[in-house]
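Q:
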Amino acid sequence: MQALLALEDGRTFPCRSFTGPGEASGEVVFNTSMTGYQEVLTDPSYRGQMVTMTYPLIGNYGVNDEDVESARIQVAAFIVKEYQPFPSNFRSTQSLADYLAGQGVLGVEGLDTRALTRHIRNGGAMRAIVSTIDLDPGSLTRRAKAIAGMVGMDLARQVTTAQPYRWAGNRPDTLADDLKLNADVWRHRGDRPSVVAIDFGLKYNIARCLARVGFEVVVVPAATDASAIMAMSPDGLFLSNGPGDPEPVVYGVQTVKELLGRLPIFGICLGNQILGLALGGRTYKLKFGHRGTNQPVKNLTTGKVEITSQNHGFAVDMDSLGADTVEVSHINLNDNTVEGIRHRRLPAFSVQYHPEASPGPHDAAYLFGQFRAMMKTV
Amino acid sequence: MPKRTDIHKILIIGAGPIIIGQACEFDYSGTQACKALKEEGYEVVLVNSNPATIMTDPETADRTYIEPVTAEAVAKIIEKERPDALLPTLGGQTGLNTAVELARQGVLEQFGVELIGASLDAIEKAESRDRFREAMNRIGLRSARSGIANTMEEARVLAGDLGFPLIIRPSYTLGGTGGGVVYNPEDLENIAKSGLDASLTHQVMLEESMLGWKEYELEVMRDHADNVVIICSIENFDPMGVHTGDSITVAPAQTLTDREYQTMRDASLAIMREIGVDTGGSNVQFAVNPQNGDMIVVEMNPRVSRSSALASKATGFPIAKIAAKLAVGYTLDEIPNDITGETLASFEPTLDYCVVKIPRWAFEKFPETQDLLTTAMKSVGETMAIGRTFKEAFQKGLRSLEIGRFGFGADGKDRPEADGAPPSLDEIEQKLVIPNSQRLFYLRNALQAGMSIASIYQMTAIDPWFLFQLEQIFRMEQDMVQAAGTAGRSGTPAADGLFALTADRLARAKAFGFSDVQIAHLVGSTEKEVERTRKDLSIRPVYKLVDTCAAEFRAATPYYYSTYETECEARVSGRKKVMILGGGPNRIGQGIEFDYCCVHASFALREMGVESIMVNSNPETVSTDYDTSDKLYFEPLTREDVLHIVEKEKPAGIIVQFGGQTPLNLSTPLHQEGVPILGTQPESIDRAEDRELFQAMLNKLDLMQPANGTALSIAEALAIADTIGYPVIVRPSFVLGGRAMKIVYDPKDMETFTRLAILASPGHPVLIDKFLEAAMEVDVDAICDGSTTIIGGIMEHIEAAGVHSGDSACVLPPQSIGSDMIAQITMATKAMAAELKVVGLMNVQYAIKDNQLYVIEVNPRASRTIPFVSKATGIPLAKLATKVMLGKTLAELGLTQEVVPRHQSVKEAVLPFDRFPDVDTLLGPEMKSTGEVMGIGTDFGLAYAKAQLAAGQRLPLSGTVFISVGDEDKAAILAVARQFFHMRFDILATDGTWSHLCANGIPAERINKVSQGQPHAADAIKNGRIQLIINTGTGDEPRRDGYTIRRAALKFKVPYATTAAGALAVCRAVDALREKPFEVKAIQDYHG
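Quick mapping for you: the protein sequence lines, in order, are chains U and R.
Quick note: the first sequence uses the numbering used here, first residue 1, plus one each step.
Quick note: the second sequence uses the numbering used here, first residue 1, plus one each step.
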């Protein structure tokens, strides 16, 4: 089915829908990972974005029930060069097209995705709209311009969990409505350290990784305040990844400010930016962001290079942070942007990239162990 | 950490001659490494016996030894050069083995040479089956279970442990003879028994079978700070059971989820650490059970490999170059990524295209051997193609193969079009079940016959994902046929078939990789019509960049591939530019020598300030290194693909005379489209190729050629042979390497071989020449600027006429040609160059018989011997020829007279017989060698001895020589036998030879022919009683005595000569070696 993708600057790409009729809009970004499309699709950090994969053949191994990073597909639309309708993999349970269509997400193919990627690289991430209904370039471009931008938009609120849940048996287990969030929430007190994870758009694999290093994990909504968290008296606090601009997430920043020094804190991605803001720093939007699984990050403590999974459009501005309180622990070797920060005195650190991978390499998985080692008890 | 300053001089060991499994990729990696280390200020010492390499150019390393790659020779070099370090991981298995041997012999310790890159322990851990398995167990990875059996009883017990199916591999056999897959106890009885019999050591290995599992490969790099990155993942189209070198392979991996891929990545990292490869590149192979994802580590190579060359070309990441830098102490994050210029080598390349590698086989050269693909590699070359989809890359790859195909069939060459009847279902099934070189075309037959993907998968275990891609291509083909309204198959085409294709359909077909030739065939049109229609509709390819980063960063290096999309990234400059057409995949007859010439053309253009544009499809080569030329187009070498690039780049001219027959065949079609051909014009090329024109020219110049004629039919051929008299040589025209060439002694054979020759080059006449028995052959390379001709070198063949020049050893300067004859040769060469208006290189083959000079053939192009002559004389002929083609005179270039070196240089061919069971090792007019070596010495004997050592013949200094020759060689062999007798060799001979020797006063002991019963000659070989074999014959009855002896010689690695002339040369070589041990000398010292 014919479709058209229009960018806010007037560039259009004729394409075809492989999921039936539909229309979607958002910021269009590219991801350079050659594997892991299902993880990308379900990563809440992509909320509000239409993702194009730079690898041209997508759908090869279908989808399955295991490789999901949240309860639903998060991307606004999925843009590929050549959709593969004949998946082959022993774990595949469904084709990608059926999966997208089943959740009402538009998938398009047949466009020069490399041209699109280069356009974004040169012009920056852009608002765009893709449609099978409106095929008029003029009209679509006008509508693309009218879409709200990412800056200043609080997307975390849209993707965070409505109810706190426990990570149990490798899946979310929603807490009963009448369960009080206090120290009794923990079932393994004394035998496993406890961590409260604030969900700004948490990827399941973060919970899996925390559990794997021994944590008992309870995930709470983004707006949960410091006192509510302290009422649970956890051993540690985790700040999750999430979509978009960190600055509107003032409530999250406030919570972290209050808990700094009271609990060991570890943040990932948006969690890194929120920690940066809580430490008095600023964040800014990158031209087209880092999205892929081949980003080289140097650990400045060990000097070693980690190949990392990344997905972010905003970054912490290091100049805005006092070097006497905060140090840069990791940098990106491609563009020297900040990839990790650590408080010099308080037990708080965070990384901009995704040590939980999924998709991507496991080089940075040690960070979960590092966080685990900060726990006083157990 | 910066580079090491405690080492200054580094020795690199090259891979030696091109053999199956070890081709140009090691010139590519070695050259990169030499350049990288020199760039860092290290003094580089290189040893490699292969003259046709860029790495042995005097500029590549500081000290270049064209000497045998043996521990003995390298030890001499070490003693002389005293390097601080040895980098053993760049010269293939040969380089690695030689380094290990030197380490074990204590040579490295004695001279204080440090192994860098990989330690002895790491190499041994990776190479030893047991140690490797233990290592894998330690890190919780599975490797295939296996065991060794010396008796049937042991085999039965082992089989009980391992379960069925299992693989049996006899120890120490050639080309996988005697092994096989065992499905049940009954098979075990048969195969284990034949395996034990075939094994030299009466030993077989039984291995758990992963038959039908998917096969993957990861290219890994590690630095000394323990940073590890994956450069490329590769998925094999052919499942386990077919050697990776014989598999179609695809990058990146296609059917792994991220979770499975990361498991493999984690395993690779763990393996690098456990094996302890300090720095550099390695590859790890995995087998994956398609049913449940179980993963087994097949093997790891602690060195750069064929796959790493492929990975480098597939990603743009120069593995060998980086490996060299890591070996001297850099870490990955200290090395820039040349392609982007702005990022570092410490990352993992990401692709936004699909890469397909397809092997090129040469079974047609070895009709005695079965066309089967097994765990022993058989292919002689490969092509790589890049597309935005698998379908596009796959079809581009197929038309790059130089097998006369233009894609996945549908090009008029399929059955039934090609030979009348479609293959039967039984035949298709059989060809699908047992892997063979034609299987991929039978896959199309299977689809055509309506077989489902599921049933094809049942038969082949080729992943359904790939099969579906093929089915899509096939459906597109059917869709075009239907649209064009043709009556299916090759029925009468509708007049307006082409116009019935809509623009959309045509565009889709092009995006699926269909060539214009295929489309024309499907719709009943012509290539040119399709081209015109397509261009009217503005359906043209665009060029995209290979940039390591999927466009995330701007790429600095222009490395392009074509695809049918919207945005073209080719940056066309306003500079003067020249396009060089490469040679495509290596095959027997066209190999690295031509790539060498193309690379030199590129270097010459750079020196002249002219932009160089390289077009080639061979991933193993230096020519396809991204920094060899100013621009690289990784594309098939077909008229259509080349014209597209010409249209985009509009070069001032195009060089077709360096890449061998492939570009030469394109010269006329390109010329017709108005593309300026540099140097010798297509008319002259035709004049040399066309028999009648050529004959007229020779008559005009008063030169002789053997009586000859051309025939288009068998009847004509018989008549001609009758006129000129037997024996005659029969061959097709317009082919290289003596394909389907044969010496024929009677009319019956004449009929058979004429038929084969017609098949080998359809539409072209068959050439018939009088065969000059026992004539001496001479090869001449010359360079001409349009008015002056300078002889580059005159080479005297060791073997007499009748052995293809590519398989014959030769010596420069000539040994036994008088000065009168040299003068005649020189005059004839100059006269022909002038007559053909040669601008550039020319090669002439002469025969001398009864002091009469005959012209056998003239090729107005670079020949196979150009690199050898250049190395022997120190004159870079290809480079000079390029400059001449651009208008320089030889005088301006300072070449005013022939250079005749004082030292002797011998070129020897290296033959692949050990890979092909059942093939006789006799030489003939059809070329069979895959590569060559060079020996340099102060006299012929020494130079020849070095060439033999380099070619793997371990010449004995004493012992027993076995002599058995045909009647025609009896006279000639006397001198040889006498000499061996004087050197105190014992002589064993069979009946006829024995009585001849005795009658002439040479003491010899008689031994039974094989047919006379045991104990016979073959037993003596097996018992180690014979150190040298001289055995000539006609080879027409391969199952008989001579054949058995020659195969035994091959198997037991006893040096052998199969011609009288070769025997004489061997004799002189043994004499020279007995005189004194050979010395080594750098090429820089010969020409300094």
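We put the beta carbon where it would ideally sit given N, CA and C, even for glycine.
Interface residues of chain U around SER346 of chain R at Cβ under 7 Å?
A: In chain order: PRO296, VAL305, LEU333.
Q: Contact check, ARG91 of chain U vs ASN60 of chain U under 8 Å by CB: the rounded distance?
A: So it is not a contact: roughly 13 Å between Cβ atoms.
Q: Excluding five sequence neighbours on each side, which residues of the same chain lie with their C-beta closer than 8 Å to the C-beta of GLN438 of chain R?
A: Contacts found: ASP371, LYS431.
Q: Hey, quick one: how far does the beta strand (DSSP E) through CYS597 of chain R stretch, first residue to last?
A: First-last for CYS597 of chain R: 592 to 607, but that is the alpha helix (DSSP H), not the beta strand (DSSP E).
Q: Looking at PRO170 of chain R and ALA198 of chain R, is the spacing between their C-beta atoms short of 8 Å?
A: Yes, these two residues count as a Cβ contact at 8 Å.
Q: At least one CB of chain U closer than 8 Å to the CB of VAL433 of chain R: is that the case?
A: With 8 Å as the cut-off, VAL433 of chain R does not count as an interface residue toward chain U.
Q: Which two residues bound the contiguous alpha helix (DSSP H) that contains THR255 of chain U?
A: Looking at the DSSP string, the run of the alpha helix (DSSP H) that includes THR255 of chain U is 250 to 259.
Q: Check whether the region 859 to 871 of chain R and the region 593 to 603 of chain R are in contact - that is, three or more C-beta pairs closer than 8 Å.
A: In short, these stretches touch, since the Cβ pair count reaches three.
Q: Mind the definition here: the region 713 to 720 of chain R touches the region 841 to 856 of chain R only if three or more C-beta pairs lie below 8 Å; say whether that holds.
A: Contact fails: fewer than three Cβ-Cβ distances are below 8 Å.
Q: At a CB distance below 7 Å, what residues from the region 280 to 297 of chain R approach chain U? Give them in sequence order.
A: Going along the region 280 to 297 of chain R in chain order, one finds PRO290, GLN291, ASN292, GLY293 with a Cβ nearer than 7 Å to chain U.
Q: Just to confirm, are ALA878 of chain R and ALA833 of chain R a CB contact at a threshold of 8 Å?
A: Going by C-beta atoms, ALA878 of chain R is not nearer than 8 Å to ALA833 of chain R.
Q: What span of residues does the alpha helix (DSSP H) with MET272 of chain R cover, start to end?
A: Segment 258 to 275, the alpha helix (DSSP H) holding MET272 of chain R.
Q: Contact defined as beta carbons within less than 8 Å: I believe GLU235 of chain R pairs with ALA253 of chain R. What is the distance between those atoms, to the nearest angstrom?
A: That belief holds up - the Cβ atoms of GLU235 of chain R and ALA253 of chain R are roughly 4 Å apart, short of 8 Å.
Q: For GLN518 of chain R and ASP411 of chain R, I'd like the C-alpha separation in whole angstroms.
A: Whole-angstrom Cα-Cα distance: 4 Å.
Q: Would you mind telling me which residues of chain R sit closer than 7 Å to HIS362 of chain U, beta carbon to beta carbon, in chain order?
A: The contacting residues are GLN262, ASP266.
Q: State the Cα-Cα distance for the pair ARG189 of chain U and LYS214 of chain R, rounded to the nearest angstrom.
A: Distance between the alpha carbons of ARG189 of chain U and LYS214 of chain R: 46 Å.
Q: What residues of chain R sit near PRO137 of chain U, judged by a beta carbon separation below 9 Å?
A: Near PRO137 of chain U there are no residues of chain R at all, since even the closest Cβ is about 14 Å away, more than 9 Å.
Q: Which class does GLU356 of chain U belong to by DSSP, given the choice of helix, strand or coil?
A: The answer is coil: DSSP assigns GLU356 of chain U none of H, G, I, E or B.
Q: Taking DSSP as the reference, what is the three-state secondary structure of PHE18 of chain U?
A: PHE18 of chain U: coil per DSSP, three-state reduction.
Q: Between the region 211 to 238 of chain R and chain U, which residues of the former have CB atoms less than 9 Å from a CB of the latter, in chain order?
A: Within the region 211 to 238 of chain R, the residues whose Cβ lies closer than 9 Å to some Cβ of chain U are ASP223, ALA225, ASP226, ASN227, VAL228, VAL229, ILE230, SER233, listed in chain order.
Q: At the 8 Å Cβ level, is LYS285 of chain U part of the contact set with chain R, yes or no?
A: Answer no: the Cβ-Cβ gap between LYS285 of chain U and chain R never drops below 8 Å.
Q: Ends of the alpha helix (DSSP H) at MET821 of chain R?
A: Unbroken alpha helix (DSSP H) run through MET821 of chain R: 819 to 835.
Q: Within 8 Å (strictly less), CB to CB, does MET34 of chain U reach chain R?
A: Judged by the 8 Å Cβ criterion, MET34 of chain U is in contact with chain R.
Q: Would you kindly work out how many angstroms separate the C-alpha atoms of ALA6 of chain U and VAL40 of chain U, rounded to a whole number?
A: Approximately 22 Å, taken between the alpha carbons.
Q: So, helix, strand or coil for GLN295 of chain U, using DSSP?
A: GLN295 of chain U: strand per DSSP, three-state reduction.
Q: Please list the partners that ALA252 of chain R has in chain U, where partner means a Cβ-to-Cβ separation under 9 Å.
A: It is worth fixing the name first, because residue 252 of chain R is Pro in this sequence and not Ala. Chain U residues near PRO252 of chain R: MET34, THR35, TYR55.
Q: Does the region 372 to 381 of chain R come close enough to the region 239 to 253 of chain R that 3 or more CB-CB pairs lie under 8 Å?
A: With a cut-off of 8 Å, the region 372 to 381 of chain R and the region 239 to 253 of chain R count as touching, because enough Cβ pairs lie within range.
Q: TYR99 of chain U CB to nearest chain R CB: under 8 Å?
A: No, its Cβ sits nowhere closer than 8 Å to a Cβ of chain R.
Q: Quick check on DSSP: helix, strand or coil for LYS879 of chain R?
A: Residue state, collapsed to three classes: helix.
Q: Would you be able to state if there are at least three C-beta pairs under 8 Å between the region 82 to 102 of chain R and the region 1 to 13 of chain R?
A: Contact holds: three or more Cβ-Cβ distances are below 8 Å.
Q: Let's test the definition: count the other Cβ atoms within 10 Å of the Cβ of MET1 of chain U and tell me whether it reaches 16, buried, or not, exposed.
A: Per the 10 Å Cβ criterion, exposed.
Q: In the structure shown, what three-state DSSP assignment does GLN254 of chain R receive?
A: Coil.
Q: Which residues in chain B sit within 7 Å of ALA357 of chain U, going by Cβ to Cβ distance?
A: In the structure shown, chain B does not exist; the protein chains are U and R.
Q: Quick one: what's got a C-beta closer than 8 Å to GLN1084 of chain R's C-beta in the same chain, skipping five residues either side?
A: Correct list, in chain order: PRO58, ASP62, ARG63, THR64.
Q: Quick one: is ALA176 of chain U near chain R, going by C-beta distance under 8 Å?
A: Answer no: the Cβ-Cβ gap between ALA176 of chain U and chain R never drops below 8 Å.
Q: Going by DSSP, what residue range makes up the beta strand (DSSP E) through PHE266 of chain U?
A: Element bounds for PHE266 of chain U: 265 to 268.
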